[in-house]
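Take a look at the structure set out below.
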Amino acid sequence: MSLHDAATLVQDGMSVGIGGSTMSRTPMAMIWELIRQQRRHLSCARSIVSTDGDLLFGSDVADEITTSWFAQGILWGLSKVMRHHVETGGKRFYEWSHMAIGMRFRAGGMGVPFLPIRSMLGSDVLRQRPEAKTFECPFTGETLLLVPALNPDVALIHVQRCDPYGNAQIDGLQFMDIDLAMAADRVILTTERIVSNEQIRRAPDQTKIPFFCVDAVVEVPFGAAPHECFGVYEPMMRHMEAYVAKVNADPVEGMRDYLARHVYEPGSWTDFLSLIGLDELLEASNRGRSIYND
Amino acid sequence: MTDVPHCTAAEMLAILSARQLADGQVVFAGVGIPLLAATLAQRLRCPGLTILFEGGVIGAFVEPGKLPPSTNDQRCTKRANMVLGSADVLLLLQRGYVDVGFMGGAQIDQYGNLNSSFIGDPAAPRTRLPGTGGGNDISSLTNMIVAMKHERRRFVKAVDFITSPGFIRGNRTRAESGLPAGGMFRVITELAVFGFDDESRRMKVLALNPGVSREQVQDNTGFELIFDDPLSMTAPPTDHELGTLRHLDPERLFTA
């Protein structure tokens, strides 16, 4: 399926779970396509958001983002884009602890309406989240927190490889992607490469997401750029730094300019990659593959 | 008196924090100074220190000059024993496998509560900060070391918002909130090393950093500090500590 066609599974107003974490295995090509198609009023959830969160707010694609941490990366301090959209009241950032987000996806994936956890208690993070409930354990009498299941309408997940049916193999860090795939009603996979079902069957222990969860598969090399994809490429830091400098200098005009030049004007994802530049793609690939060097 | 090698405030934090860790411990480290300090401890005198990262890593050995820009990057997995899901690595805290959690802080109060969510009223914040990440989970579930810059505006009587709980309102309020395990253990700044009073749970100066006076610490703190008696003086960073640290972070990613 093409990026364009797969993106049509995401409709205005849907809840969307986003795979990967921070600058890793972000389904950036799919987010890029949703911006181009001018999707609106999405409610997104992700373990930790980086520049993907900026783009979703800055393009007006998402109204709200549920996450544990929202900035471009610790190297760059606060995200002026997030601050602008949240502080002026236009967009909502719903904060949960990282483990709470994980257990919300897990509850969703387990087919139960909630799970108990022991964090967030006593904090103001909990005070902001009336949808979480404290309760007394009927067995031990302890106070625990119940966090509600998250079952997104659709999940966007980027993987290293999968077959045409959606049997997906993930190298390195899996983050919350397995729970997310199980929890979501539909799953769109983007993948660095599509391999045969025979190849998947040679190493079934590597398969992390089974085909029956998956509704669409799109082959998009460098589909997490300018973020990283484990073992394939590291983040493209020159592009990231130029992006951060631009949008943090002016979260409205800087973002408008970035979106025009890097999202709306390119004819294809490959054209976007050309803007990052061959030098940087090759360096990022070299560093990415070096994780396998002894 | 030995000469104090010239080092930045961030380098001082990393070195003094590394000294707080012991060989054989399991430490859950956040990005920045904590990651660097845990790696430094591993290189200096704790080869058996098991470092966990919230991206889902058990037993990392980060490579010199290749510090990861977050704890979710592939560099965190180098020479690790195991990778697992992010929720699963955080659940190790809940099950009690972690000896110490280690993170940075933006704003702290006299009971060791940390704020990384809002400056001002959360309903109409002056500044929306990035949020908890795994910080709330780590500080709720294990013993915490916090490394942070010492400024009066960061050391306040009561934080605007408790993102990561310390001892809440002191005495037994942490346990009464449903957090029976863990609590704030040490705070490390460029001025001093702090612990918390066993009863009141208020912040207490345990040791002054080299060349720092009591008055200097108190003047840079927005609440009244308890001073340990007798008050000790921290030994200055050695050339070996500083040399190893600079070898790990030659680009000064986290120590500028």
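So the protein sequences, as listed, match chains X and C.
Its first residue numbered 34, the first sequence is counted upward by one per residue in the numbering used here.
Its first residue numbered 71, the second sequence is counted upward by one per residue in the numbering used here.
Each residue gets a CB set at the ideal place from its N, CA and C atoms; glycine is no exception.
**Report entry** Beta-carbon gap between C:Ala-84 and C:Ile-103 smaller than 8 Å
**Finding:** Within the second sequence, residue 84 of chain C is the residue found at index 14, counting from 1. Within the second sequence, residue 103 of chain C is the residue found at index 33, counting from 1. Contact flag set, yes.
**Report entry** Element boundaries [beta strand (DSSP E), containing C:Gln-164]
**Finding:** Residue numbering aside, residue 164 of chain C sits at position 94 when the second sequence is read from its first letter. It is not in any beta strand (DSSP E) - C:Gln-164 instead sits in the alpha helix (DSSP H) that spans 156–165.
Query raised in the report: Nearest chain C C-beta to X:Gly-142 closer than 8 Å, yes or no?
Result: Reading the first sequence from its first residue, position 109 is the one you call residue 142 of chain X. False, the Cβ-Cβ gap to chain C never drops below 8 Å.
Requested in this report: List in chain order: all unbroken beta strand (DSSP E) runs of 3+ residues lying wholly within the region 264–294 of chain C.
Outcome: 273–278
Query raised in the report: By DSSP, does X:Leu-154 sit in helix, in strand, or in coil?
Result: Mapped onto the first sequence, residue 154 of chain X falls at position 121. Looking at X:Leu-154 - three-state DSSP - the assignment turns out to be coil, as it is neither helix nor strand.
Requested in this report: For X:Phe-103, return the contacting residues in chain C, with the cut-off set at a CB-CB distance below 7 Å.
Outcome: To locate residue 103 of chain X, count along the first sequence from 1; it is residue 70. The CB of X:Phe-103 comes closer than 7 Å to the CB of Pro-200 and Gly-201 in chain C, given here in chain order.
Query raised in the report: Do C:Glu-81 and C:Leu-318 have their C-beta atoms within less than 8 Å of each other?
Result: Within the second sequence, numbered from 1, the residue matching residue 81 of chain C stands at position 11. Within the second sequence, numbered from 1, the residue matching residue 318 of chain C stands at position 248. Contact flag unset, no.
Query raised in the report: Of all the CB atoms in chain C, is at least one closer than 8 Å to the CB of X:Gln-202?
Result: Taking the first sequence and counting its residues from 1, the one referred to as residue 202 of chain X is at position 169. No, X:Gln-202 does not count as interfacial toward chain C.
Requested in this report: Out of X:Asp-327, X:Phe-126 and X:Asp-312, point me to the one whose CA is closest to X:Arg-271's CA.
Outcome: As a first step, residue 271 of chain X is located in the first sequence; it is residue number 238 there, counting from the start. Considering only alpha carbons, the answer is X:Asp-312.
Query - Whole-Å CB distance - C:Arg-198 paired with X:Val-119, under 8 Å assumed - result: Stepping through the second sequence from its first residue, residue 198 of chain C is reached at position 128. Stepping through the first sequence from its first residue, residue 119 of chain X is reached at position 86. C:Arg-198 to X:Val-119, Cβ: 5 Å. Contact.
Query raised in the report: If you compare alpha carbons, which of C:Phe-98, C:Gln-144 and C:Ala-92 is closest to X:Ser-318?
Result: What you label residue 318 of chain X is simply residue 285 of the first sequence in a count that begins at 1. Distances from the alpha-carbon of X:Ser-318 to those of C:Phe-98, C:Gln-144 and C:Ala-92 put C:Gln-144 closest.
Report task. Could you give the DSSP three-state label for X:Ala-95: helix, strand or coil? Result -> As a working mapping, residue 95 of chain X is identified with position 62 in the first sequence. X:Ala-95 falls in the strand class under three-state DSSP.
Query - Reduced DSSP secondary structure (H/G/I, E/B, other) of C:Tyr-181 - result: For the purposes of this step, residue 181 of chain C is identified with residue 111 of the second sequence, where counting begins at 1. The answer is coil: DSSP assigns C:Tyr-181 none of H, G, I, E or B.
Report task. Can you grab the Cα-Cα spacing for the pair X:Ser-35 / X:Leu-67, in whole Å? Result -> One-based indexing of the first sequence puts residue 35 of chain X at position 2. One-based indexing of the first sequence puts residue 67 of chain X at position 34. If I take the Cα positions, the gap works out to 13 Å.
Requested in this report: Report yes if the C-beta distance between C:Gly-129 and X:Glu-128 is below 8 Å; otherwise report no.
Outcome: Here residue 129 of chain C refers to the residue found at position 59 of the second sequence. Here residue 128 of chain X refers to the residue found at position 95 of the first sequence. Contact: no.
Query - Of the residues C:Thr-141, C:Val-127, C:Val-97 and C:Thr-120, the one placed nearest X:Thr-55, counting alpha carbons only - result: Mapped onto the first sequence, residue 55 of chain X falls at position 22. Comparing Cα-Cα distances from X:Thr-55 to each of C:Thr-141, C:Val-127, C:Val-97 and C:Thr-120, the minimum goes to C:Thr-141.
**Report entry** Cβ pair X:Tyr-325, X:Gly-264 closer than 8 Å
**Finding:** Within the first sequence, numbered from 1, the residue matching residue 325 of chain X stands at position 292. Within the first sequence, numbered from 1, the residue matching residue 264 of chain X stands at position 231. Contact: yes.
Query raised in the report: X:Val-49 and X:Leu-189 look like a contact to me (Cβ under 8 Å); what is the Cβ gap, rounded to whole Å?
Result: Translated into positions along the first sequence, residue 49 of chain X becomes position 16. Translated into positions along the first sequence, residue 189 of chain X becomes position 156. Going by Cβ atoms, the distance from X:Val-49 to X:Leu-189 rounds to 6 Å, so yes, they are a contact pair.
Query raised in the report: Do X:Ile-233 and X:Gln-193 have their CB atoms nearer than 8 Å?
Result: Locating residue 233 of chain X in the first sequence gives position 200, counting from the first residue. Locating residue 193 of chain X in the first sequence gives position 160, counting from the first residue. Not in contact: X:Ile-233 and X:Gln-193 (Cβ atoms no closer than 8 Å).
Query raised in the report: Do three or more CB pairs link the region 210–222 of chain C to the region 176–190 of chain C at distances below 8 Å?
Result: Flag = yes, the region 210–222 of chain C and the region 176–190 of chain C touch.
Query raised in the report: What are the boundary residues of the alpha helix (DSSP H) that X:Leu-111 is part of?
Result: Taking the first residue of the first sequence as position 1, residue 111 of chain X is located at position 78. Careful: X:Leu-111 lies outside any alpha helix (DSSP H) and carries neither H nor E.
Query raised in the report: Taking three-plus beta-carbon pairs below 8 Å as touching, is the region 109–119 of chain X in contact with the region 87–95 of chain X?
Result: yes
Report task. Taking the CB atoms as reference points, tell me whether X:Gly-199 and X:Pro-60 lie closer together than 8 Å. Result -> Translated into the one-based positions of the first sequence, residue 199 of chain X becomes position 166. Translated into the one-based positions of the first sequence, residue 60 of chain X becomes position 27. Result no, Cβ atoms of X:Gly-199 and X:Pro-60 do not sit closer than 8 Å.
Query raised in the report: So what's X:Cys-195 in DSSP terms, helix, strand or just coil?
Result: Translated into the one-based positions of the first sequence, residue 195 of chain X becomes position 162. DSSP places X:Cys-195 in strand when its eight states are reduced to three.
Query - alpha helix (DSSP H) segment containing X:Val-280, residue limits - result: Taking the first sequence and counting its residues from 1, one reaches residue 280 of chain X at position 247. Segment 270–282, the alpha helix (DSSP H) holding X:Val-280.
Query raised in the report: Hey, is the region 67–83 of chain X in contact with the region 162–175 of chain C, meaning 3+ C-beta pairs nearer than 8 Å?
Result: no
Query raised in the report: What residues from chain X crowd round C:Asp-169, counting only those whose CB sits closer than 9 Å?
Result: Position 99 of the second sequence holds residue 169 of chain C. Neighbours of C:Asp-169 on chain X: none; closest Cβ ~17 Å, over 9 Å.
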